[in-house]
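What follows is one structure encoded as structure tokens, with my remarks underneath.
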RNA sequence: UGGCCUGUAGCUCAGUUGGUUAGAGCGCACCCCUGAUAAGGGUGAGGUCGGCCGUUCAAAUCGGCCCAGGCCAACCA
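Numbering (the working numbering), first residue to last: 4 to 950.
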């Protein structure tokens, strides 16, 4: 028996079937870094229109988690696709390096400022710590296959950044947005600093809820004010208004008791500890209150509105002063007594209502949470542990009506986890109104392209309702608010903007320490003694907020406004907003043209990931176990605009589809063995089926490019995978295997299919490049080795493949509809093949012959293929007969006008092409093979026109 | 508690302005192939479109309520 295998064109390639990604990706990454692929990408598009995606800086603390990976990979996919589309797309990564989390980590190791080291040494330690964090995160980001300017990222701790930040602040001062105000702010006793709202988190806290009597100085006034002097019974005993509070420590700062003007209040006669007593509480809460106090016998003496009592004087429960009753809409019947203890220094609403009544804002608590010297009774005590003492004093004074411990959700410091207090302190604010910033922002929002669209409504609502931005922090690791304030008037120096510029120049040389070490006289001269240097630093949200200026306006290749900001949806409150506000405050323009958001990752049950739940998926682990391309493919295949679900099943499915795409590429490569691009046939001369697949690929490519432009990566993955699995695997490649393997090497029939495969591969390798970057480059390098020169040394500097054309038109016989009908026909034939296979009459489809009984419409269509129809159906023979001649065993198909019979072949198997043909054995010297194989082995090679 | 968003087969996604028996791929089951072989092909079973109530001749598509989940915010003086 002759061995014909050597006469076949069997697949062969160095490209391995298995990716072995965890091992091979790091090697490839190394090559990219050594070859400076990012630099090549920039160089290849020099002078081309740019696309600026501005990277939001992750905080330089802790290892990256899956959310970081999602964010950076999405950006990377966009940048790579833009380069393929011909744009110069710089990608300058950044890190947020100042701020409390780093300080706290440094404190843990080095101790607090002033204890073991001074502020300067502390800041240096922070700098060093940030460097280590940046290095760790950078390594992980690079491992993901993200190509960016990793050698020159922007760091908010760079002295040039710090200097530019001060210049940005100067512009904001110039535009009159900054003011120094006294306000109750969230104050962390643990961190000894004011906190931004973003730094606050809620947690359950056990508190002492107490009801305290504020004795009415002149009880008769209640009756007169309520127009109730006619009542015969005015009751007996002490008369008081009872408040309810869960923060006993704020009582020393009490300045008033607030009632709701509209609510009905009652003066109630009760007996407590055997003593007759009268109390004023909200009528609507009376039953609940009496229940709480355990008082069954009580009598309402009089009722009246809260408004009626406005101005009534009350005795402070333990301080030697009298406070007024005031009214405010914030008082409700939700809880308590309907009478609210008001300490303007310790609550926002208290502060606001206090302003209306010109109440003093005396804050008796210092930054460490202790009552300041001179505070009666409590000087030196800590507010966090003073409750017991307050209660004891209230009991002594007999004004503690009730006490119980409650557990409620309470604001805590996000870092130190200590309960927060509100504390009125001098703070720096960017005003939303003073120079019209809010209106400016609301006007700018509709001009930005928000993706998805609901982002617009969201940020609009947030801007609309937000308070002034408190940008000062009483910490050490950050950019100083380098402003001189007049010691007496507390006014900013008239030349503040100019002075900021001078300080910026110093900071640019020596870093932020320059401010603290600055001799005021060197800038202010003789005025120096009248001014003091502000010691506060800027909120880190300000740092990252001004990257549009400090990065986009200073780095080569980028410009402001950016084409795109891309972050998680939480950044509507964070970076999107801080960037917008600072940008508008500086020069009245928005920092971005488009804002794209992605959702958060959740587990299989749609629950958020958290360490405590143990449902976190680490990107490092996926890279190490399966490879970065698997992680990237998961990111690309999720509709990231909403929640992104990760689970082991999802990752397993992703790995499956990865293999499908990889093996498709491998099969294409393997069948191009011996092919040189210059041997490609003109597209119009290809076998009809090959024209179809090129046409189809062209169509897919249009869709792929459109989806990249719309950042719809999951549609790309679906389309490419579908193309590989359905168009190619289940149809085209299955059919052309016969011709590819058995046609005479180098014949037109063979070159035609290789030409098509070549174009497919060229297109496919580019389609997947932004997503499966490692694999795409692996394919690309194999192509360079096995096929010769490529457009560029790396796929990332190439353009979308331009070798595809739409070849099928309505004018040709072989239009899209024709091939669709062939697929439909194949489905029907396959069903019958399956029936026969199950019955045991046939095995593979080449052991079968099929007879089609068709109507005239089908007959004319099938006639176009002639004898090549059998290759489309992958059977050894096909007989087409008129429907009228259908035999009894013919089975009606689901297609109108088609019945068919599948039968086992009676002929011998050609040992070369494996078709069963009646002419096998009829050729002398070639006894084992069929006629066309004889032609392919010894003759000119068979001719194929259609399949 | 409020604002915004999400909820279609085990998984990832399609489902145009409401209109015939809701689609695809993957996975799964069974079969075939052994010249893509830790690959490839075929057939098949899977969904009361989160739930309920409405509008309509007709709803996965419109409205209301509810449930689950996500992001953000607020609250509990």
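We put the beta carbon where it would ideally sit given N, CA and C, even for glycine.
Quick caveat, the model's predicted, so the values are computed rather than measured.
Could you check how far apart the C-beta atoms of residue 55 and residue 566 are, in whole angstroms? I think they sit under 8 Å. What you label residue 55 is simply residue 52 of the first chain in a count that begins at 1. What you label residue 566 is simply residue 563 of the first chain in a count that begins at 1. Yes, they are in contact, since the Cβ atoms of residue 55 and residue 566 sit about 5 Å apart, within 8 Å.
Range covered by the beta strand (DSSP E) that runs through residue 211: Position 208 of the first chain, counting from 1, holds the residue named residue 211. Element bounds for residue 211: 203–219.
Applying the criterion that 16 or more other CB atoms from any shown protein chain within 10 Å of the CB defines a buried residue, is residue 951 buried or exposed? Because the chain in this structure spans residues 4 to 950, residue 951 falls outside the shown range and cannot be described.
If you drop the 5 nearest sequence neighbours on each side, which residues of the same chain put their C-beta closer than 6 Å to that of residue 554? For the purposes of this step, residue 554 is identified with residue 551 of the first chain, where counting begins at 1. Within the same chain, residue 554 has close Cβ partners 157.
CB contact flag (residue 415, residue 122, <8 Å): By one-based count along the first chain, residue 415 stands at place 412. By one-based count along the first chain, residue 122 stands at place 119. The answer is no: Cβ separation not under 8 Å.
Please specify which runs of the beta strand (DSSP E), each continuous and at least 3 residues long, are wholly inside the region 554–601, giving them in chain order. 565–571 and 595–601
Counting only the same chain and skipping the five closest in sequence on each side, list residues whose C-beta sits under 8 Å from that of residue 707. Translated into positions along the first chain, residue 707 becomes position 704. Around residue 707: 719, 722, 723 and 770.
Reduced DSSP secondary structure (H/G/I, E/B, other) of residue 885: On the first chain, residue 885 is found 882 positions in, with the first residue counted as 1. Residue 885: strand per DSSP, three-state reduction.
At least three beta-carbon pairs within less than 8 Å, the region 368–383 to the region 306–319: no
To which residues of the same chain is residue 222 closer than 8 Å at the C-beta, ignoring the five residues directly before and after it? Position 219 of the first chain, counting from 1, holds the residue named residue 222. Excluding sequence neighbours, residue 222 sits near 237, 242 and 281.
With distances taken between CB atoms, is the gap from residue 867 to residue 816 smaller than 8 Å? By 1-based counting over the first chain, the position of residue 867 is 864. By 1-based counting over the first chain, the position of residue 816 is 813. In contact: residue 867 and residue 816 (Cβ atoms closer than 8 Å).
Considering only their Cβ atoms, is the gap separating residue 643 from residue 601 smaller than 8 Å? If you number the first chain from 1, residue 601 lands on position 598. If you number the first chain from 1, residue 643 lands on position 640. Yes, they are a contact pair.
8 Å Cβ cutoff met for residue 881 and residue 738: Residue mapping note: residue 881 aligns to position 878 of the first chain, counting from 1. Residue mapping note: residue 738 aligns to position 735 of the first chain, counting from 1. No. Outside cutoff.
Could you have a look at residue 854 and say whether DSSP puts it in helix, strand or coil? In the first chain, the residue the question calls residue 854 occupies position 851. Residue 854: strand per DSSP, three-state reduction.
What are the start and end residues of each continuous beta strand (DSSP E) run of 3 or more residues lying completely inside the region 893–942, in chain order? 901–907
Look up residue 296 in the DSSP assignment and give the residues it is bridged to. Here residue 296 is taken as the residue at index 293 of the first chain, counted from 1. In the DSSP output, where bridge partners are listed per residue, residue 296 has none listed.
For residue 167, which three-state DSSP category applies? Residue 167 sits at position 164 when you count from the first residue of the first chain. It is helical.
Under three-state DSSP, which class holds residue 484? Counting from one through the first chain, the residue named residue 484 turns up at place 481. Residue 484 falls in the coil class under three-state DSSP.
Curious, which full-length beta strand (DSSP E) runs of at least 3 residues does the region 90–120 contain? none
With a threshold of 16 other CB atoms inside 10 Å of the CB of residue 571, please say whether the residue is buried or exposed. Taking the first chain and counting its residues from 1, the one referred to as residue 571 is at position 568. Under this definition residue 571 is a buried residue.
Distance, residue 339 Cα to residue 484 Cα: By one-based count along the first chain, residue 484 stands at place 481. By one-based count along the first chain, residue 339 stands at place 336. So the two alpha carbons sit approximately 42 Å from each other.
Out of 195, 215 and 191, state which residue places its alpha-carbon closest to the alpha-carbon of residue 204. Working through the first chain from its first residue, we reach residue 204 at position 201. The shortest C-alpha separation from residue 204 is found at 191.
Output the distance between the C-alpha atoms of residue 294 and residue 405, rounded to the nearest integer angstrom. Along the first chain, one-based indexing puts residue 294 at 291. Along the first chain, one-based indexing puts residue 405 at 402. Rounded to whole angstroms, residue 294 to residue 405 spans 11 Å at the Cα level.
Just the C-alpha distance for residue 429 and residue 475, rounded to the nearest angstrom, thanks. Indexing the first chain from 1 puts residue 429 at position 426. Indexing the first chain from 1 puts residue 475 at position 472. Answer to the nearest angstrom: the Cα atoms are 9 Å apart.
Could you give the residue range of the alpha helix (DSSP H) that holds residue 951? Because the chain is modelled from 4 through 950, residue 951 falls outside the range shown and cannot be assessed.
Candidates 884, 837 and 853: closest to residue 860 by CA position: In the first chain, counting from the first residue as 1, residue 860 sits at position 857. It is 884.
Residue 267: which of 365, 215, 87 and 342 sits nearest, CA to CA? The residue labelled residue 267 in the question sits at position 264 within the first chain. Nearest of 365, 215, 87 and 342 to residue 267, Cα basis: 342.
For residue 20, which of helix, strand or coil comes out of DSSP? Locating residue 20 in the first chain gives position 17, where the first residue counts as 1. Here residue 20 sits in coil by DSSP.
What are the boundary residues of the beta strand (DSSP E) that includes residue 245? Taking the first chain and counting its residues from 1, the one referred to as residue 245 is at position 242. Residues 241–248.
Tell me the DSSP secondary structure of residue 184 in three-state form. Taking the first chain and counting its residues from 1, the one referred to as residue 184 is at position 181. Note: residue 184 maps to strand in three-state DSSP.
Take residue 167 and list the residues in its own chain whose beta-carbon comes closer than 6 Å to its own, dropping the five residues that flank it on each side. Stepping through the first chain from its first residue, residue 167 is reached at position 164. The residues are 553.
Using the DSSP secondary-structure output, state which residues sit across from residue 493 in a beta bridge. If you number the first chain from 1, residue 493 lands on position 490. BP columns for residue 493 are empty, so no partner.
Per DSSP, the bridge partner or partners of residue 611: As a working note, residue 611 is residue 608 in the first chain. Partner(s): 605.
Quick test of the definition: if touching needs 3 or more C-beta pairs under 8 Å, does the region 437–456 touch the region 139–152? no
Mind checking which residues open and close the alpha helix (DSSP H) that includes residue 519? Indexing the first chain from 1 puts residue 519 at position 516. Unbroken alpha helix (DSSP H) run through residue 519: 516–520.
Can you name the start and end residues of the alpha helix (DSSP H) that residue 501 belongs to? In the first chain, residue 501 corresponds to position 498, counting from 1. Residues 499–513.
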